[in-house]
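Visitor: Submitted below is the structure of interest, expressed as structure tokens.
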Amino acid sequence: MVLLHICCGPCSIYPVKYFKEKGISFKGYFYNPNIHPYREFRQRIKALEEVQKILGFDIIWHKEYGLRNFIKETFMLWDNPGKRCERCYFMRLKATVKKALEIQAEAFTSTLLLSIHQNHQVVKEIAEELSSKYKVPFFYEDFRKGYKNSHEEAKNLSIYTQGYCGCIFSEEERYYKKRKKELIKEYNFLKVSDIF
Ligand code: SF4
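Start counting the sequence shown at 1; every next residue gets the next number (my numbering).
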């Protein structure tokens, strides 16, 4: 069985269908202390519950709001999106690999590998490092080919799709024009999607 870390409902659709079509046994794992504020966190849980109901699969839920834990882990990295995101991937993938060990899953992977907004290479490298440290195989698949399809299907099913990555800083980077401009200047980002 593969433990599939799930970041949100829309991003789960393609990977879940992929596993089902290939006949690979899997279980979802929701652990995302990076989603803020609280009402957004609840909304994303609700969206994933809807996907779960439609597609029918098991999920191990971590429904506790992780704001403080996230802030502690990313302390001093808030204004450096690259480093902050790296730490954020690490937090979530480390929890996933530990859960995989606990439930004796044969491998682990993540829907973070689907998003065209995440740093795919960094997600992959962190997962590989954790895999070798904890001796749990990493199931790698470039799910990005299913990004469009996954999100279109979410739209057709009226599943809530978020407007920003997750943390309160990404919300600022997405909607606060002044911060957007600063980031483009500081980090030479070409478009806002590069930062989450
Ligand atoms: S932008 Fe997204 S990946 Fe980066 S720290 Fe925030 S929630 Fe995590």
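Here a beta-carbon is modelled for each residue, glycine too, at the ideal position from N, C-alpha and C.
Could you give the first and the last residue of the continuous alpha helix (DSSP H) run that contains V123?
Guide: The sequence position of residue 123 within the sequence shown is 123, counting from 1. Unbroken alpha helix (DSSP H) run through V123: H120 to Y134.
Visitor: Hey, which residues come within less than 6 Å of the ligand SF4, measuring from Cβ to any heavy atom, in chain order?
Guide: Listed along the chain, these residues meet the criterion: N34, R84, C85, C88, C165, G166, C167, F169, S170 and F196.
Visitor: Just verifying my parser: in three-state terms, what is the DSSP assignment at L4?
Guide: Along the sequence shown, read from residue 1 onward, the residue named residue 4 stands at position 4. L4 falls in the strand class under three-state DSSP.
Visitor: Kindly indicate which three-state DSSP category Y31 falls into: helix, strand or coil?
Guide: As a first step, residue 31 must be located in the sequence shown, where it is residue number 31. DSSP places Y31 in coil when its eight states are reduced to three.
Visitor: Taking the C-alpha atoms as reference points, what is the distance between P15 and L114?
Guide: For the purposes of this step, residue 15 is taken as residue 15 along the sequence shown, with counting starting at 1. For the purposes of this step, residue 114 is taken as residue 114 along the sequence shown, with counting starting at 1. Using only the alpha carbons, I get a separation of about 8 Å.
Visitor: In whole angstroms, give me the CA-to-CA distance for W61 and K185.
Guide: Locating residue 61 in the sequence shown gives position 61, where the first residue counts as 1. Locating residue 185 in the sequence shown gives position 185, where the first residue counts as 1. Cα-Cα distance, rounded: 39 Å.
Visitor: My output table needs one value for I13: the three-state DSSP class, helix, strand or coil.
Guide: Locating residue 13 in the sequence shown gives position 13, where the first residue counts as 1. If DSSP states are grouped into helix, strand and coil, I13 belongs with the helices.
Visitor: Skipping 5 residues on each side, what residues in its chain have a beta carbon closer than 7 Å to that of C11?
Guide: As a working mapping, residue 11 is identified with position 11 in the sequence shown. Here the set comprises T111, L114, S115 and S150.
Visitor: Give the single residue among Q104, P137 and F90 whose Cα lies nearest to the Cα of Q121.
Guide: Within the sequence shown, numbered from 1, the residue matching residue 121 stands at position 121. For the residues Q104, P137 and F90, the minimum Cα distance to Q121 belongs to F90.
Visitor: Under the assumption that T96 contacts H36 (Cβ atoms under 8 Å), give the Cβ distance between them as a whole number of angstroms.
Guide: Walking along the sequence shown from the start, residue 96 turns up at place 96. Walking along the sequence shown from the start, residue 36 turns up at place 36. About 20 Å; that fails the 8 Å criterion.
Visitor: Terminal residues of the continuous alpha helix (DSSP H) containing S150?
Guide: Position 150 of the sequence shown holds residue 150. Residues Y147 to N156.
Visitor: In terms of residue numbering, what span does the alpha helix (DSSP H) encompassing I184 cover?
Guide: Sequence index remark: in the sequence shown, residue 184 carries index 184 (1-based). Segment K177 to Y187, the alpha helix (DSSP H) holding I184.
Visitor: In its own chain, which residues sit with a C-beta less than 7 Å from the C-beta of A154, not counting the 5 before and 5 after it?
Guide: Counting from one through the sequence shown, the residue named residue 154 turns up at place 154. Taken in chain order, the residues that qualify are G9, P10, I13 and T161.
Visitor: Note down, in chain order, each residue of its chain lying with its Cβ closer than 8 Å to the Cβ of L190, except the 5 sequence neighbours on either side.
Guide: For the purposes of this step, residue 190 is identified with residue 190 of the sequence shown, where counting begins at 1. Low per-residue confidence applies at L190: pLDDT is 45, beneath 50, and the placement is therefore not dependable enough to give any value.
Visitor: Please return the same chain residues whose Cβ sits closer than 7 Å to the Cβ of E73, not counting the five positions on each side in sequence.
Guide: Here residue 73 refers to the residue found at position 73 when the sequence shown is read from its first residue. For E73, where only same-chain residues beyond five positions count, the Cβ hits under 7 Å are R87 and M91.
Visitor: At the level of alpha carbons, what is the spacing between K148 and H117?
Guide: The residue you call residue 148 lines up with position 148 of the sequence shown. The residue you call residue 117 lines up with position 117 of the sequence shown. Roughly 12 Å between the two C-alpha positions.
Visitor: Under a three-way DSSP split, which group does L190 fall into?
Guide: Residue mapping note: residue 190 aligns to position 190 of the sequence shown, counting from 1. Low local confidence applies: a pLDDT of 45 at L190 is under 50, so the model's placement there is unreliable, and no value is given.
Visitor: In the DSSP assignment, what are the bridge partners of S110?
Guide: Indexing the sequence shown from 1 puts residue 110 at position 110. H5, per the DSSP bridge assignment.
Visitor: Should the segment 16-23 be called in touch with the segment 48-64, which here means at least 3 C-beta pairs below 8 Å?
Guide: Yes: the two stretches touch, three or more of their Cβ pairs being nearer than 8 Å.
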